[in-house]
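Numbering-wise, the working numbering puts 60 at position 60 of the sequence shown, and it's gapless, one number per residue. Glycine included, C-beta positions come from ideal geometry on N, C-alpha and C. These notes concern the structure reproduced below.
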Amino acid sequence: MSDVAQFFVESYGVRMRGGYLRFQAQYLRRIRVPAIHRITAETANSLRDAFERRDRKKATEIALDLYDITAVDMERALEH
Numbered sequence: 001m002s003d004v005a006q007f008f009v010e011s012y013g014v015r016m017r018g019g020y021l022r023f024q025a026q027y028l029r030r031i032r033v034p035a036i037h038r039i040t041a042e043t044a045n046s047l048r049d050a051f052e053r054r055d056r057k058k059a060t061e062i063a064l065d066l067y068d069i070t071a072v073d074m075e076r077a078l079e080h
């Protein structure tokens, strides 16, 4: 749900005619998740809350922190 997830989808997927991404389950196995010991209970609860509220901005903030990526680096990677 975060822009970080979007980055992974765009990195591994193929853009089809009309701008749609073709993304297969095999690509999901390539995505590395943060180490479990780095995810505190507070962070997990915040991420769960962001998901339940469909708060993409908050989910992105949390994911950027977990992956140790700056917002500037993410914007550059997504070319926005």
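As assigned by DSSP and simplified to three states, the class of residue i
i	result
V9	helix
V14	strand
Residues bridged to residue i [DSSP beta-bridge criterion]
i	result
L47	Its beta-bridge partners do not exist; DSSP assigns none.
L21	R15
Residue i, buried or exposed, once every other Cβ within 10 Å from all chains shown has been counted against 16
i	result
T40	exposed
V33	exposed
A50	buried
M74	buried
L47	buried
V4	buried
Cβ neighbours of residue i in the same chain (closer than 6 Å, five flanking residues each side left out)
i	result
S2	A59, T60 and A63
Sequence-distant residues of its chain with Cβ nearer than 8 Å to residue i (five each side left out)
i	result
Q6	L78
Note down, one range per segment and in chain order, each alpha helix (DSSP H) of at least 4 residues found wholly within the region 29 to 80.
-> 41 to 52, 56 to 67 and 71 to 78
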